[in-house]
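Here our numbering is used: the first residue of the sequence shown is 1466, the next is one more, and so on. Worksheet: one structure, shown below.
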Amino acid sequence: MTLEEMQAKMEIQELVGKFSNLEINVPAQMALFTKDTHVKVFMGDTLAFDIHGVEELEKVFSQFTVAVKRSHHQNGQHVIKVDGDNASGILYCRAALVTEEDGKEFISDNFIWYEDTYKKVDGKWLIAARTSHFIISDKHILGA
């Protein structure tokens, strides 16, 4: 592995880490995607969202997160392949989201793997495409 590949992998890991650290700050997250990004979200085997472009992505993410009071994301293994100014990666993540319904707090615990394509634009790595696979989701009253 060359020094350039190692640098790219480190920058890409920082990119996806920043996405998770921003949690539900949707406007800030949008700066991490290319303008023409393509995002698909699968809930199990069902395609829930097929989103084209950062404007549509911001709208969908904002609608989805409006009810979220608190969240926590934890990234796990991340395998990245670099090819010049393009890269691909598989990332595993656990995301917990707290919402309130009828005066009770609920927690949704999600186990996700992301299939990503990254692109270096103006010297900065961005997410060009992401397919999110929610493989396990559990929702229950918080503390129950």
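A virtual CB, placed ideally from N, CA and C, is assigned to each residue, including glycine.
Around the beta-carbon of Val1504, 16 or more other beta-carbon atoms lie within 10 Å, marking it buried. Of all alpha-carbon atoms in Ile1555, Leu1512, Glu1521 and Gln1472, the one lying nearest the alpha-carbon of Thr1502 is that of Glu1521. Take the alpha-carbon of Gly1509 and the one of His1543: they are about 21 angstroms apart. Between Leu1591 and Phe1498, the gap from beta carbon to beta carbon is short of 8 angstroms. Check the Cα spacing between Thr1511 and each of Ile1606, Ile1600, Gly1608 and Leu1607: the tightest is with Ile1600. Straight-line spacing of the CA atoms in Gln1494 and Phe1484 works out to 6 angstroms.
Closest by C-alpha distance to Leu1556, out of Pro1492, Ser1597 and Phe1514, is Ser1597. For the pair Ala1473 and Val1586, the CB atoms are not nearer than the 8 angstroms cut-off. Taking the Cα of Glu1476 as reference, the smallest distance to any Cα among Asn1490, His1605, Met1466 and Tyr1583 is reached at Tyr1583. Between the beta-carbon of Val1533 and that of Ile1489 there is about 5 angstroms, and that keeps the pair under the 8 angstroms contact cut.
Nearest neighbour of Asp1574 by Cα position, chosen from Glu1580, Asp1581, Thr1564 and Gly1568, turns out to be Thr1564. No Cβ-Cβ contact shorter than 8 angstroms links Tyr1579 with Arg1559.
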